[in-house]
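Colleague:
Numbering (full-length UniProt numbering), first residue to last: 1 to 159.
1. Which one of 116, 47 and 89 has the shortest CA to CA distance from residue 36?
2. Where do the ends of the alpha helix (DSSP H) carrying residue 156 lie?
3. May I ask which residues mark the beginning and end of the beta strand (DSSP E) holding residue 133?
4. Please list, in chain order, all residues of the same chain as residue 98 whose beta carbon is under 8 Å from its beta carbon, the five residues on each side excluded.
5. When burial is assigned at 16 or more other CB atoms within 10 Å of the CB, is residue 32 buried or exposed?
6. Starting from residue 29, trace the alpha helix (DSSP H) in both directions and tell me its first and last residue.
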């Protein structure tokens, strides 16, 4: 069978939507793009968590898990089943416009905090798709520049 594109009736209007494929038992994919709270629909309001840096400053994985569970629950209640959540790059350049999303410059702490936040989201039957794994240190003109880096340097700095 070949699936044909259909209209997007039923989309909640956030990051993305994929219609259900009933014959395969696949539900509609309702995506929200926000790691610190549910983005849209705005009329419903949502809890905004502290920044990833603030959560990491607690040094408490349980707080990260609880925050993830809270926003995962809100997403689920609003009909979302995917959150594009969990910015996991390391803070390497203070000019990076996404540093607030990340959990700091220490790889062990950042991984522990981000991993617990993702586990909290997923505990609410919402898929968390982590993003910005490494080398996403520049927002301005980010699609126009190349970030070529050797394997050894990558392992020493970000991986």
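Quick reminder that beta carbons are idealized off the backbone N, C-alpha and C, glycines included.
Modeller: Taking the definition as stated:
1. Of the listed residues, the one whose Cα sits closest to residue 36 is 47.
2. From DSSP, the alpha helix (DSSP H) with residue 156 extends over 151-157.
3. Counting along the chain, no beta strand (DSSP E) covers residue 133, and no H or E run does either.
4. The residues are 87, 89, 132, 136 and 139.
5. Residue 32 should be labelled buried.
6. Counting along the chain, residue 29 sits inside no alpha helix (DSSP H); it lies in the beta strand (DSSP E) bounded by residues 29-32.
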